[in-house]
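Working notes, beginning with the structure itself.
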Amino acid sequence: MRYLAVFILSLVFWLLLTFSLKIPNLIIGGLASLLSAAIFSDMYFKTPSKLLQPHRYFWFLIYLAVFIVECIKANFDVAYRVLHPAMPIKPGIVKIRTTLRSDFARTILANSITMTPGTITVDLIGDEFYIHWIFVRSEDPEIYTGMITGLFEKYIKRFAE
Amino acid sequence: MNDMITVILICTGVLFNIFGCIGLIRLPDVYNRLQSATKCVTLGCCSILLGALIHFGIGSAGMKALIAIPILFFSATVAAHALIRGAYHFGTGLDKRTVKDDYKNAVK
Amino acid sequence: MTEFLTVLLYIQIALSAACLYRIIIGPTIPDRMVGIDIFGILVVGICAIIAVQTEKSFILDIGIAWVILSFIGTLTLAKYLSGKKLNE
C-alpha cells in the first residue's frame, strides 16, 4: 500500500514534468518510479489510507487559501519594517507548545509559521516549538500562542492528523 | 491581455525581491536578515514563476513553472530552519535590541 | 514588452549583487551563508524572466535543477555550522 502510493505520486510528478503520453516516455517514467518507490517507500506515508478520505482534501484547500492571504500579509509587514527609517523591530525567541502529534502535521505547521508575518521556526524539542519573532507583541504565553499558531492549528488538525 | 497580466505579476515579484534585499542589507543581525530575506524573496520568485505560467499557458512549459512553485516553497523554508538553527548552535550573538531568549535554556 | 522585461532582468541581477555584498562584507560566517542561500533563490527568478523573454522553455528546467542543488548546498552548510558530520 505504501509502495503503491509512492509509485503513483512519483509517476504523476514525472508525467506533469514531461507532459507527454508517448510510449517510451511512459516506460522510462514507470521504471524510474518503481526504483524510487523500492528505495524510499519506507520513509513516507505512515498511514496511507488517509490519502483516500475526500474531506481531507477539502480542508486542505481552505487551509491553502488562508495560507496565501497570510503569506501576502507577511510580505507587506516585512516591507513596512524594512522601509521605515527607524526600523521598528523588537526581536526575541519565544517558546510555544503544540497539540499536534504526527510528524507530517508538525512539519506543515513549522513551514506555515516560517512564511507568516514576523515569525520563523528555530527548533522543535519534544512538544515545544522555539520561534524567532521580529516584534514581540506580548510577554504572556497564552496570548502569543494564540497569535502565532491559533489560525493554522485547527485547519492542519483536520487534514493532516 | 495575457501580456499585461504577465508583466504585472513579474513587476510585483521584482518589487518584493527589492524589499527582501533591502532587508538583507539594512537589518542588524543574522536572524532578522534571514527572516526578511526568506519571506520576501520566496514570494517574489513564486510571483515571477506564476507570471511565466500565465505567459506560456497550460502546457509543457507552463507545467514546469507550476511545479517549480511548491519545490521552491518547501526548499526555501526548510533551508531557513536549518540555517537559523545552525547559526544559533554556531554561537552567533543576538542583536542588542532582543528582549527575550527562551532557547538558551533549552540548548544547554 | 521585451524591452521592459530586459529592465526587470537588470534589476534582478543588481539584487543578486546585493547578496554578493552580504557574502563579501558579512561580519560573521552565518551572514555569508544567508547570502548564498538567498542568491540561490534569486537565480530562479532570473531563469524565469529569461524564459519568458526568449520564449525558450528549457531554461525553466535549469531553474528547477538550480533550486534543488542550492537546497542541498544550503543543508550541507547548515550541517557544518552546527558542528555535525554529514551522515548524522
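Protein chains in written order, with this note's numbering: chain A, 1 to 161; chain B, 1 to 108; chain C, 1 to 88.
In this text, a Cβ means the ideal position worked out from N, Cα and C, and glycines have one as well.
Alpha carbon to alpha carbon, how far is residue i from residue j?
i: Glu128(A); j: Lys95(A); result: 6 Å
i: Cys71(A); j: Ser49(A); result: 31 Å
i: Ile125(A); j: Ala105(A); result: 15 Å
i: Val41(B); j: Cys19(C); result: 11 Å
i: Val12(A); j: Ile24(C); result: 43 Å
i: Ile58(B); j: Leu17(A); result: 12 Å
i: Met1(C); j: Ile10(B); result: 12 Å
i: Val29(A); j: Ile8(A); result: Checking the sequence shown, residue 29(A) turns out to be Gly, not Val. Rounded to the nearest angstrom, the two C-alpha atoms are 11 Å apart.
i: Leu81(C); j: Lys22(A); result: 47 Å
i: Leu83(A); j: Leu31(A); result: 52 Å
i: Ala17(C); j: Asp31(C); result: 15 Å
i: Arg97(B); j: Ala86(A); result: 13 Å
i: Leu15(C); j: Ile18(B); result: 7 Å
i: Thr98(A); j: Asn111(A); result: 14 Å
i: Phe152(A); j: Pro24(A); result: 44 Å
i: Leu77(C); j: Met33(C); result: 7 Å
i: Gly86(B); j: Ala37(B); result: 17 Å
i: Ala76(B); j: Ile120(A); result: 12 Å
i: Leu75(C); j: Phe19(A); result: 31 Å
i: Thr54(C); j: Val7(B); result: 14 Å
i: Leu34(A); j: Ser10(A); result: 9 Å
i: Thr28(C); j: Arg22(C); result: 10 Å
i: Asp42(A); j: Tyr3(A); result: 8 Å
i: Ile84(B); j: Leu109(A); result: 17 Å
i: Gly26(C); j: Leu34(B); result: 13 Å
i: Leu100(A); j: Met1(B); result: 45 Å
i: Lys84(C); j: Thr92(B); result: 17 Å
i: Gly150(A); j: Tyr10(C); result: 42 Å
i: Phe90(B); j: Val107(B); result: 12 Å
i: Thr107(A); j: Ile27(A); result: 34 Å
i: Phe66(A); j: Asn105(B); result: The question names Phe, yet the displayed sequence has Val at residue 66(A). Looking at the two C-alpha atoms, the distance is approximately 34 Å.
i: Lys64(B); j: Asp61(C); result: 7 Å
Might you give, ordered along the chain, the residues of its own chain that have their beta carbon closer than 8 Å to the beta carbon of residue i, omitting 5 neighbours on each side?
i: Ile93(A); result: Val122, Tyr130, Ile131, His132, Trp133
i: Trp59(A); result: Tyr155, Arg158, Phe159
i: Leu51(A); result: Ala5, Phe45
i: Ile13(C); result: Ile46
i: Leu94(B); result: Asp29, Tyr31, Asp101
i: Ser57(C); result: Ala51
i: Ser60(B); result: none
i: Tyr103(B); result: Tyr88
i: Ile39(B); result: According to the sequence as given, residue 39(B) is Lys; it is not Ile. Same-chain partners within the cutoff: Gly20.
Just curious, the alpha helix (DSSP H) that residue i is in, first and last residue?
i: Tyr31(B); result: 30–56
i: Gly59(B); result: Careful: Gly59(B) lies outside any alpha helix (DSSP H) and carries neither H nor E.
i: Lys22(A); result: Careful: Lys22(A) lies outside any alpha helix (DSSP H) and carries neither H nor E.
i: Val99(B); result: Segment: none, Val99(B) is in no alpha helix (DSSP H) and carries neither H nor E.
i: Val7(C); result: 2–25
i: Lys59(C); result: Inspection of the sequence shows that residue 59(C) is occupied by Ile rather than by Lys. Residues 58–81.
i: Ile68(A); result: 54–83
i: Phe45(A); result: Counting along the chain, Phe45(A) falls outside any alpha helix (DSSP H), and DSSP gives it neither H nor E.
i: Lys50(A); result: Neither: Lys50(A) is in no alpha helix (DSSP H) and is coded neither H nor E.
i: Lys154(A); result: 141–160
i: Met33(C); result: 29–54
i: Ser10(A); result: 2–18
I'd like the list of long-range same chain contacts for residue i, defined as Cβ closer than 6 Å, with 5 residues on each side in sequence excluded.
i: Arg56(A); result: Phe159
i: Pro91(A); result: Ile134
i: Ile130(B); result: There is simply no residue 130(B) to check, as chain B begins at 1 and stops at 108 in what is shown.
i: Leu50(B); result: Leu9
Along the beta strand (DSSP E) that carries residue i, what are the first and last residues, could you check?
i: Asp123(A); result: 119–125
i: Tyr130(A); result: 128–133
i: Gly92(A); result: 92–97
So, at 7 Å on beta carbons, what are the nonlocal neighbours of residue i in its own chain, with the 5 sequence-adjacent residues on each side left out?
i: Gly63(C); result: Val44, Cys47, Ala48
i: Glu161(A); result: Leu100, Arg101, Ser102, Ala105
*How about the stretch 25–39 of chain B and the stretch 43–53 of chain C: do they share at least three Cβ pairs that are nearer than 8 Å?*
no
*Can at least three beta-carbon pairs, one atom from the stretch 69–80 of chain B and one from the stretch 10–17 of chain B, be found at a separation below 8 Å?*
no
*asked:* Does the stretch 66–75 of chain C come into contact with the stretch 33–45 of chain C, if we say contact requires no fewer than three beta-carbon pairs (one atom in each stretch) closer than 8 Å?
replied: yes
*asked:* Against chain B, which members of the stretch 23–51 of chain C pass a CB distance test of less than 8 Å?
replied: Thr28, Ile29, Pro30, Asp31, Met33, Val34, Gly35, Asp37, Ile38, Ile41, Leu42, Val44, Gly45, Ala48, Ile49, Ala51
*According to a CB-to-CB cut-off of less than 7 Å, which residues of the stretch 22–46 of chain B neighbour chain C?*
Leu24, Ile25, Val30, Arg33, Leu34, Ala37, Val41, Thr42, Gly44, Cys45
*Contact set between the stretch 50–80 of chain A and chain B, restricted to residues whose Cβ is under 8 Å from the partner*: Cys71, Ile72, Ala74, Asn75, Val78, Ala79
*Contact set between the stretch 120–141 of chain A and chain B, restricted to residues whose Cβ is under 7 Å from the partner*: Ile120, Thr121, Val122, Asp123, Ile125, Tyr130, His132, Ile134, Val136
*Report yes or no: do three or more beta-carbon pairs, one from the stretch 136–148 of chain A and one from the stretch 5–19 of chain C, lie closer than 8 Å?*
no
*Below 8 Å between beta carbons is the criterion; list the residues of the stretch 71–88 of chain B that meet it against any residue of chain A, in chain order.*
Phe73, Phe74, Thr77, Val78, Ala80, His81, Ile84, Arg85, Tyr88
*asked:* For the stretch 48–67 of chain B against the stretch 101–116 of chain A, do three or more pairs of beta-carbon atoms, one drawn from each stretch, fall closer than 8 Å, so that the two count as touching?
replied: no
*asked:* Counting only Cβ-Cβ distances shorter than 7 Å, please list the residues of the stretch 18–31 of chain A near chain B, keeping chain order.
replied: Phe19
*Would the stretch 35–50 of chain B and the stretch 58–70 of chain B be scored as touching if the rule is three or more Cβ pairs under 8 Å?*
yes
*Three or more C-beta pairs closer than 8 Å, one from the stretch 33–51 of chain A and one from the stretch 69–85 of chain A: is that the case here?*
no
_Selection of the stretch 98–115 of chain A by Cβ proximity to chain B, strictly under 8 Å_ = Ala110, Asn111, Thr114, Met115
*Taking any Cβ of chain B, which residues in the stretch 50–82 of chain C have a Cβ under 8 Å from it, in chain order?*
Ala51, Val52, Ser57, Leu60, Asp61, Gly63, Ile64, Val67, Ile68, Ser70, Phe71, Thr74, Leu75, Leu77, Ala78, Lys79, Tyr80, Leu81, Ser82
*Using a beta-carbon distance cut-off of less than 9 Å, what residues from the stretch 55–72 of chain B approach chain C?*
His55, Phe56, Gly59, Ser60, Ala61, Gly62, Lys64, Ala65, Ile67, Ala68, Ile71, Leu72
*When you check each C-beta in the stretch 10–23 of chain C against every C-beta of chain B, which residues fall closer than 8 Å?*
Ile11, Gln12, Leu15, Ala18, Cys19, Tyr21, Arg22
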